[in-house]
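Under the working numbering, the first residue of the sequence shown carries the number 22, and numbering increases by one thereafter. Reading through the C-alpha cells given below for one structure.
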Amino acid sequence: MTGRWAVIGAGIAGLAAARRLVGAGCDVSVFDKSRGVGGRMATRRAEGLQFDHGAQFFTARGDGFVREVEALVADGGAAAWGEVGYVGTPGMSAVGRAFSRGLSLVPSRTVTRLDRAADGWRLATAEGDGTMTEAFDGVVVAVPAPQAKPLLASAGIDWSGISRARYAPCWAMMLAFAGIENPIGLSLKPTDEAIGWIATDSSKPGRAGGATTYVVHATPAWSRQHLERTPEEAAAMLLARFQVLTGLQAAPSYLAAHRWRFALVEQTAGAPFLYDEARAIGACGDWCLGARVEAAFDSGDGLGAAIAGRA
Ligand SMILES: Cc1cc2nc3c(=O)[nH]c(=O)nc-3n(C[C@H](O)[C@H](O)[C@H](O)COP(=O)(O)OP(=O)(O)OC[C@H]3O[C@@H](n4cnc5c(N)ncnc54)[C@H](O)[C@@H]3O)c2cc1C
C-alpha cells in the first residue's frame, strides 16, 4: 500500500509509523496539534531552565528498539542516565526531533474530523478557514485513545479496543533551586499518597549546569482527585509534600505544574495496533501495548510495517 498517507500525531508512535511508510515509498504528512514533535517525550524550557516534565527515561528491550536507541546514542540524541535508563539529550524532546528528521511535518494543526470522500481521506482541522485538507490514500491515527475515539467515530469507525484502553492522569511539578545540596541522588520513588516520583532533572546527562532542578510526578490517585485544580494550586500542594519528603525547605527559584490528562496507560487495547486495510486506516499508540515509550514505538512501527507489507 503506497500513495499519500496522513499521520495524525507526532509522538513516538506516529513518527515510527511515518518512518516505516516513508521507507516503503509512501508520501507522508505528519500532523500535530503542537508546535514541536515528540508528544509526551517533552521538554519544557522557561527562564533559562529546562525540565523533562513528561516521560522521564526509557528502556529498550526488543531488538528493533534497541537498534534505534543505539543509533540515537551514537548520534548524540540520547544517553544513559546512570542505571535508571536512557534519556534524550540535551532534553527528552531531542528524541522526537531525531525521529522526525526527513519527515514532512504539519505542526500546530489539530485534526477534528476525518471524511471519506470519493478521492480519499480528507481531514478537518481546528485552525484555518475550515477548508478540508487535500485527499490522502490512507490515514494513521497516532493519538491517545480518548482522543482517537472521536476522530475515528467521525469516520464511522468504532473499534472496541479503543474504548477498552484507559489512562491515568498525572500532575507534573517542575522546580529549581540555586545553591543547594541535592538530598536525593538521581531519583526517588517515595511511598506516598501524593507524590510517586521525584527526579533530579539536572542530574541527567547533557543538561546545562547551574540550578538544581526537579521534576515531581503526583500519583494517579492524587492526580485524579485534584485534576481540575489550577496549575498554581497543584504546584503549591505538591511543593508542601515535596518539602516533607526531601527535607528541602528552601524556596524554589522556579515553580510550575503541568497537567497530563492522558499520561500513563492503565489498561491497553489488547492488540499491537488496529488496522482496516479495506478502508486504509489504522490506529497506534502506547494505549495498544503499554505505558512505555518502547511500547508506543513498537505499536507505530508495527502498524507502519503492516501497511507497507501490503504494498
Ligand atoms: C508524566 C509522564 C511520565 C512518563 N514516564 C515515562 C517513563 O519514565 N518511561 C516511559 O517509557 N514512558 C513514560 N511515559 C509514557 C510515554 O511518554 C508514552 O508512553 C509515549 O511517549 C506515548 O507516545 P505516543 O506516540 O503513543 O503518544 P503521545 O506522545 O501522546 O503522542 C500523541 C501526539 O498526538 C498529538 N495529538 C493529539 N490529538 C491530536 C489531534 N486531534 N490532532 C493533531 N495532533 C494531535 C499530540 O500533540 C501528541 O504530540 C510517561 C508519560 C507521562 C505523561
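Ideal Cβ positions, reconstructed from N, Cα and C, are used throughout, including at glycine.
Asked, Found
"Take Thr64 and list the residues in its own chain whose beta-carbon comes closer than 6 Å to its own, dropping the five residues that flank it on each side.", "Gln71, Asp73, Gly112, Met113, Ser114"
"Under three-state DSSP, which class holds Cys191?", "strand"
"For my contact list, Gly141 and Leu207 are in at a C-beta cut-off of 8 Å; report their separation, rounded to the angstrom.", "No, Gly141 and Leu207 are not in contact; Cβ-Cβ is about 49 Å, not under 8 Å."
"Mind checking Thr289: buried by the 16 CB within 10 Å criterion, or exposed?", "buried"
"Excluding five sequence neighbours on each side, which residues of the same chain lie with their C-beta closer than 7 Å to the C-beta of Thr110?", "Gly97, Gly98, Ala99, Ala100, Pro226, Gly227"
"Would you mind sorting Gly32 into buried or exposed? The rule is 16 or more other CB atoms within 10 Å of its CB.", "buried"
"Which residues bound the alpha helix (DSSP H) around Ala261?", "252-267"
"What separation, rounded to the nearest whole angstrom, lies between the Cα atoms of Ile328 and Gly60?", "23 Å"
"Assess, as a yes-or-no matter, whether the region 265-276 is touched by the region 46-59 under the definition of 3 or more beta carbon pairs within less than 8 Å.", "no"
"Three Cβ pairs or more, each shorter than 8 Å: is that satisfied between the region 179-198 and the region 139-155?", "no"
"Return yes when at least one heavy atom of ligand 1 lies under 6 Å from the C-beta of Thr131, else no.", "yes"
"With burial defined as no fewer than 16 other Cβ atoms inside 10 Å of the residue's Cβ, what is the status of Thr234: buried or exposed?", "buried"
"If we call anything under 7 Å between Cβ atoms a contact, is Ala163 one with Gly311?", "no"
"If you run the structure through DSSP and keep just helix, strand and coil, what is Val49?", "strand"
"DSSP three-state call for Ala95: helix, strand or coil?", "helix"
"For Asp297, which beta-bridge partners are listed by DSSP?", "Ile302"
"According to the neighbour-count rule (16 or more other Cβ atoms, all chains shown, within 10 Å of its Cβ), is Thr91 buried or exposed?", "For clarity, residue 91 is Glu in the given sequence; the question names Thr instead. Exposed: under 16 other Cβ atoms inside 10 Å."
"For the region 175-234, which segments carrying the alpha helix (DSSP H) assignment without a break, of at least 4 residues, lie completely within its bounds, in sequence order?", "181-185"
"Can you name, in chain order, every residue of its own chain whose Cβ lies under 8 Å from the Cβ of Asp213, other than the five neighbours on each side?", "Thr240, Arg262, Leu266"
"Go through its chain and collect everything with a Cβ distance to Thr23's Cβ below 7 Å, but skip five positions before and after it.", "Ala45, Gly46, Cys47, Ala332"
"Hey, would you say the C-beta of Ser224 is under 6 Å away from at least one heavy atom of ligand 1?", "no"
"Answer yes or no: the CB of Arg340 versus the heavy atoms of ligand 1, is any distance below 6 Å?", "The requested residue 340 does not occur in the structure, where the chain is confined to residues 22 to 332."
"Return yes when the C-beta of Val28 is under 6 Å from any heavy atom of ligand 1, and no when it is not.", "no"
"Looking at the unbroken alpha helix (DSSP H) that takes in Arg143, where does it start and where does it end?", "Here Arg143 belongs to no alpha helix (DSSP H); instead the beta strand (DSSP E) covers 141-146."
"For Leu260 and Arg282, what's the separation of their Cα atoms in angstroms?", "20 Å"
"Which of helix, strand or coil does DSSP assign to Gly325?", "helix"
"Skipping 5 residues on each side, what residues in its chain have a beta carbon closer than 8 Å to that of Ile201?", "Thr233, Leu269, Ala271"
"According to DSSP, is Glu89 helix, strand or coil?", "helix"
"Beta strand (DSSP E) containing Ala27: first to last residue?", "25-29"
"Let me make sure I understand the geometry here. Which of Ile219, His279, Glu68, Ala292 has the alpha-carbon closest to that of Gln264?", "Ile219"
"Within 6 Å: the Cβ of Lys210 and any heavy atom of ligand 1?", "no"
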